[in-house]
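Each residue of the sequence shown is one higher than the one before, counting from 998 in the working numbering. The beta-carbon is built from N, C-alpha and C at its ideal position, and this holds for glycine as well. As structure tokens, the structure follows; a few thoughts come after it.
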Amino acid sequence: MPGRFAGPLFSAILLLLGACAAPSPKLQLTGVEFADISGWSDDAAGAAIPALLKSCARIGGLAPEAALDAAKLMGRAGDWRGPCDAARRVKAADSVSARRFFETEFRPFRARDAAGGAGFATGYYEAELRGARKPDARYRFPIYRKPAGAVPHDRAAIEAGALAGRGLEILWVDDARDAFFLHVQGSGRVAMNDGTVVRLGFAGRNDHAYTAIGRILVERGIMAREDVTMKTIRDWIAAHPEDGAALMRENRSYIFFRELTGAGPLGAEGVALTPERSVAVDPAHLPFGLPLFLATRDPLDPTRPLRRLVVAQDQGSAIKGPLRIDLFFGAGPEAAARAGALKHPAELFVLRPRRLAPP
């Protein structure tokens, strides 16, 4: 089933279209020089240091001899002690020093699949909603925690009240579309009517398979596939309230949540994600904590490049293969717009500690 049910967030475009993962070819790495990487010297590399340090904290808690991935792409935890110690001495605001740090501690490799093909990038974000702890005429769409045991009810039954009265409601939100797309994203934060903010994370799902509503719109001739984005689907639902509500119910899958405390949202690595510096990957090919240089096109202006030093910190079952990248854009309307529009070919470079033998 498509979706980031293995992790806390979801790749919106793939989920909305119901894209299925193709067989995953092996990752091929070719050593290059940093000077060969277009855009390397233009990126504010210091902005990636906080993200890297979060992964370093996780790696630092492991035994030095612990292998970090089955393919030994990252070596052992002890191999990262030097780079991580050096990273702690770099100021995030000093991109010149940060770039020098990466050039000193890491060796870059151009990544290709077995057929020599490059990658593909999409985006995701943390949904934002408005809510309250008690329902009223405005706040009337519940967000549920996961019940004990199996959940045979589908979305339509749950929306009709199948779980009401069991004390499972975490809060209520004021927009059915926002609630639905919270389920698509799998994580979000809710601005409460008392001025507080509640962060929600994925806790489980019912027993029904996911159905992509974007694919339904394409199959019915309502939209062309290339026109399907988060925004166009939301706009269509708003313009067709009854048909839009019925469309959302055709996705019988239903997501349950839990309240999160502290920094977030959390990626599958277990660390807080950093906007535009954290990416979701397929950990069967690219392990968590690995620095990567991503080169693709700006989602809102494809004539402009988007080149970022990023860190692999999340995963998703829609993100399959050695060269699939899902860039986390953060929260808010701009993040949502950028995440929903990113679906471009991408070039990917893998950065490995210099002390490791060539792959």
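Exercise for the section: Could you please give me the residues that DSSP links to Glu1344 through a beta bridge? Expected result: Ala1292
Practice task
Below 7 Å CB to CB, which residues in the same chain sit around Phe1177 once its five sequence neighbours on both sides are set aside?
Solution key: Met1245
Problem - Cutoff 8 Å; reference Ser1092; Cβ partners in own chain excluding five residues on either side - result: Asp1040, Ala1041, Ala1042, Gly1043 and Ala1044
Problem - Coil, strand or helix - Ile962 by DSSP - result: Beyond the ends of the chain as shown, which are 998 and 1356, falls residue 962; an answer cannot be given.
Problem - Asn1203 versus Gln1182: straight-line alpha-carbon distance, rounded - result: 16 Å
Exercise for the section: Return yes when the Cβ of Phe1106 is within less than 8 Å of the Cβ of Gly1305, no when it is not. Expected result: Per the sequence shown, the amino acid found at residue 1305 is Arg instead of Gly. No; because the gap between Cβ atoms is not below 8 Å, this pair is not in contact.
Exercise for the section: Answer yes or no: do Ala1115 and Pro1342 have a C-beta to C-beta separation smaller than 8 Å? Expected result: yes
Practice task
Specify the secondary structure class of Met1071 as computed by DSSP and reduced to three states.
Solution key: coil
Practice task
For the alpha helix (DSSP H) holding Leu1214, just list the boundary residues, first then last.
Solution key: Ile1210 to Glu1216
Problem - Cutoff 7 Å; reference Asp1076; Cβ partners in own chain excluding five residues on either side - result: Pro1350, Arg1352 and Leu1353
Handout entry: C-beta contact flag for Glu1273 and Gly1185 at 8 Å
Key = no
Handout entry: Rounded distance between the beta-carbons of Arg1130 and Leu1168, thought under 8 Å
Key = 6 Å
Exercise for the section: Give the single residue among Pro1139, Ala1309, Gly1057 and Pro1061 whose Cα lies nearest to the Cα of Val1276. Expected result: Ala1309
Practice task
Determine the burial state of Thr1119: buried for a count of at least 16 other Cβ atoms within 10 Å of its Cβ, exposed for fewer.
Solution key: buried
Exercise for the section: Specify, as a first and last residue, the run of the alpha helix (DSSP H) that Val1278 falls within. Expected result: Run containing Val1278: none in the alpha helix (DSSP H); it sits in the beta strand (DSSP E), Ser1275 to Val1278.
Practice task
Report buried or exposed for Gly1318, applying the criterion of at least 16 other Cβ atoms within 10 angstroms of its Cβ.
Solution key: buried
Practice task
Closer than 7 Å by C-beta to Ile1252: which residues in its own chain qualify, once you throw out the five before and the five after it? Chain order, please.
Solution key: His1180, Gly1183, Phe1199 and Arg1202
Handout entry: Distance between Ala1083 and Arg1097 (C-alpha atoms, nearest Å)
Key = 11 Å
Handout entry: Nearest neighbour of Glu1331, chosen from Asp1224, Tyr1121, Thr1027 and Leu1050 [CA to CA]
Key = Tyr1121
Exercise for the section: Over the uninterrupted alpha helix (DSSP H) stretch that includes Arg1078, give me the two end residues. Expected result: Arg1078 to Ala1084
Handout entry: Between the CA atoms of His1205 and Pro1139 - distance to the nearest angstrom
Key = 19 Å
Handout entry: Runs of beta strand (DSSP E) lying entirely within the stretch 1187 to 1256, each at least 3 residues, in chain order
Key = 1194 to 1202
Problem - Distance between Gly1162 and Arg1249 (C-alpha atoms, nearest Å) - result: 21 Å
Exercise for the section: Work out the CA separation of Asp1232 and Ala1364 for me, nearest whole Å. Expected result: It is not possible to answer for residue 1364, since the shown part of the chain is limited to 998 through 1356.
Handout entry: Spatial distance of Phe1285 from Val1195 (CA atoms)
Key = 27 Å
Practice task
Please name the residue, chosen from Arg1217, Arg1321, Ala1032 and Ala1336, that lies closest to Leu1283 on a Cα-to-Cα basis.
Solution key: Arg1321
Practice task
Tell me where the beta strand (DSSP E) around Pro1105 begins and ends.
Solution key: Phe1103 to Arg1109
Practice task
Have a look at Gly1327, Ser1035, Gly1113 and Lys1228 and flag the residue whose alpha-carbon is nearest the alpha-carbon of Glu1123.
Solution key: Gly1327
Handout entry: Same chain only: Cβ atoms within 7 Å of Thr1271, ignoring 5 sequence neighbours per side
Key = Pro1047 and Ala1048
Handout entry: Asp1033 burial status per 10 Å Cβ neighbour count (16 or more: buried)
Key = exposed
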